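So the sequence shown is numbered by the UniProt record's numbering: it starts at 1 and just counts up by one.
Okay, so here's the structure we're looking at.
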Amino acid sequence: MECVEGKRLPQSSNISDKMSVTATLEFYTENETVGSWVNTIHAKEVMKYKQQTVCQKDNLKNDIGAVIYSEEMQYYKSLLECSFCSKMFSNKSNLRKHYKIHTEDRSFVCDICDKTFVDKLTLRNHCKLHSGERPYKCDICGKTFVETKTLRRHYKVHTGERPYECDVCGKTFAATSNLRSHYRTHTGERPYECDICSKTFVEKKTFSDHHRTHTGERPYVCDVCGRSFTQKTTLSVHYRTHTDEKPYKCSICEMSFKDGSNFRRHTKRKHNS
1 MECVEGKRLP QSSNISDKMS VTATLEFYTE NETVGSWVNT IHAKEVMKYK QQTVCQKDNL
61 KNDIGAVIYS EEMQYYKSLL ECSFCSKMFS NKSNLRKHYK IHTEDRSFVC DICDKTFVDK
121 LTLRNHCKLH SGERPYKCDI CGKTFVETKT LRRHYKVHTG ERPYECDVCG KTFAATSNLR
181 SHYRTHTGER PYECDICSKT FVEKKTFSDH HRTHTGERPY VCDVCGRSFT QKTTLSVHYR
241 THTDEKPYKC SICEMSFKDG SNFRRHTKRK HNS
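Pasting the structure below:
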């Protein structure tokens with residue numbers, strides 16, 4: 001037997017031998033995707049999935065659907081729900097970590113800027129912002145990162161992979177966090193409110209950047225010259241004054257730029273595009 005992808009399947013009466021089901025489950029949490037599993041499908045507002053069933057025998061479709069549904073329900077029942085916000089988690093350790101967001105248990109403190117965190121790993125990654133340590137390097141463009149998950153997300157810039165699709169307008173995104181923020185443009189939700197000026201924001205990062213305009217906090221420090229910044233992106237652009245990196249290249253005249261704003265200004269003024 002041969003499936004529609006051209007792969008040979010063994011002759012057998014067993015359903016699992018005559019089918020190939022691939023489903024990717026990706027869970028939305030405060031940080032990133034926590035895992036993916038094969039042969040399980042979704043629980044709608046908590047997960048996003050893509051499924052492909054490959055089989056030539058039409059009479060197997062109902063049996064296959066029953067197998068998948070059974071596995072889906074079995075896994076869904078094993079998920080743990082936050083009693084505060086109903087978010088779902090695959091294990092107790094992730095749920096306990098998430099609970100700290102609601103209980104404000106932020107016992108891990110940065111000894112440089114006094115910022116607090118819910119766990120040791122997040123604190124350790126934060127400390128790299130002060131030390132300038134960026135151990136994870138893209139082998140395509142040489143850009144460096146503090147965390148592996150940020151590097152993985154960055155790789156999608158090169159591959160063009162945008163697997164997360166908005167079911168309202170069809171726009172696609174490279175990361176689940178970007179999709180979540182985008183959804184709020186449809187719902188009008190702006191959940192982050194400044195306690196000083198009451199301005200509201202769609203994204204937590206934008207809110208945090210704004211809040212520093214009130215506090216004067218500048219946590220992002222250049223390890224070359226010691227200059228500090230309120231935003232991580234500003235520090236990244238500043239680093240290029242030391243490395244002379246110019247990642248934004250014009251495809252028309254081949255001029256290169258250190259930051260995106262100058263690149264966009266150039267294409268608009270010089271090439272009217």
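Glycine included, each C-beta is placed from N, C-alpha and C at the ideal position.
Computed from a predicted model, the values in this text were never measured in an experiment.
Taking DSSP's pairing of strands, which residues face residue i in a bridge?
{"i": "F108", "result": "F117"}
{"i": "E165", "result": "T172"}
{"i": "V221", "result": "S228"}
{"i": "S251", "result": "DSSP output for S251 lists no bridge partner at all."}
{"i": "T200", "result": "E193"}
{"i": "T144", "result": "K137"}
{"i": "S256", "result": "K249"}
{"i": "L95", "result": "Looking at the DSSP assignment, L95 forms no beta bridge with any residue, so it has no partner."}
{"i": "L80", "result": "F89"}
Going by Cα to Cα distance, which pick from the options is closest to residue i?
{"i": "Y220", "options": "R124, S131, D119", "result": "S131"}
{"i": "V146", "options": "R134, M255, R153", "result": "R134"}
{"i": "K97", "options": "D111, T187, D119", "result": "D119"}
{"i": "K270", "options": "D167, G160, S251", "result": "S251"}
{"i": "P191", "options": "Y248, K204, L80", "result": "K204"}
{"i": "K171", "options": "H158, D139, T185", "result": "T185"}
{"i": "I196", "options": "T122, M255, N262, H211", "result": "H211"}
{"i": "V168", "options": "T144, K128, D139, T187", "result": "T187"}
{"i": "C141", "options": "P247, D111, L80, T176", "result": "P247"}
{"i": "S181", "options": "T148, F207, S256", "result": "F207"}
{"i": "residue 332", "options": "D114, C222, S177", "result": "Residue 332 lies beyond the residue range present for the chain, which begins at 1 and ends at 273; the question has no answer from this structure."}
{"i": "R218", "options": "H266, D114, R153", "result": "D114"}
Can you tell me where the alpha helix (DSSP H) holding residue i begins and where it ends?
{"i": "residue 329", "result": "Past the boundaries of the shown model lies residue 329; the chain is included only from 1 to 273, so the question cannot be answered."}
{"i": "K204", "result": "204-215"}
{"i": "S261", "result": "260-271"}
Among the residues of its own chain, which have a CB less than 6 Å from the CB of residue i, if the five just before and after it don't count?
{"i": "L235", "result": "Y220, F229"}
{"i": "K7", "result": "Residue confidence is low: K7 scores 38 on pLDDT, short of 50, so the model does not pin down where it sits. Its coordinate-derived value is still stated next. Correct list: empty, nothing qualifies."}
{"i": "F89", "result": "L80, L95"}
{"i": "K44", "result": "Any reading at K44 must be qualified, since the residue scores a pLDDT of 37, below 50, and its modelled position is unreliable; no value is offered."}
{"i": "K137", "result": "T144"}
{"i": "E193", "result": "T200"}
{"i": "S256", "result": "K246, K249"}
{"i": "Q231", "result": "D209"}
Spatial neighbours of residue i within its chain, please: C-beta separation below 7 Å, excluding the five flanking residues on both sides.
{"i": "V237", "result": "K258, D259"}
{"i": "L179", "result": "Y164, C166, F173"}
{"i": "H266", "result": "C250, M255, F257"}
{"i": "R264", "result": "none"}
Can you list, in chain order, the residues of its chain whose CB lies under 8 Å from that of residue i, leaving out five sequence neighbours each side?
{"i": "V224", "result": "G132, Y239, H242"}
{"i": "C82", "result": "M88, F89, L95, H98, Y99, H102"}
{"i": "R227", "result": "V221, H238"}
{"i": "R106", "result": "K100, T116, F117, V118"}
Please indicate yes or no: does the CB of residue i lie closer than 7 Å to some heavy atom of the ligand FMN?
{"i": "H158", "result": "In the structure shown, the ligand FMN is absent, as is every other ligand, since no ligand is present at all."}
Our contact map puts residue i next to residue j with C-beta atoms below 8 Å; I'd like the distance itself, whole angstroms only.
{"i": "L121", "j": "C110", "result": "About 13 Å separates the two Cβ atoms, so there is no contact after all."}
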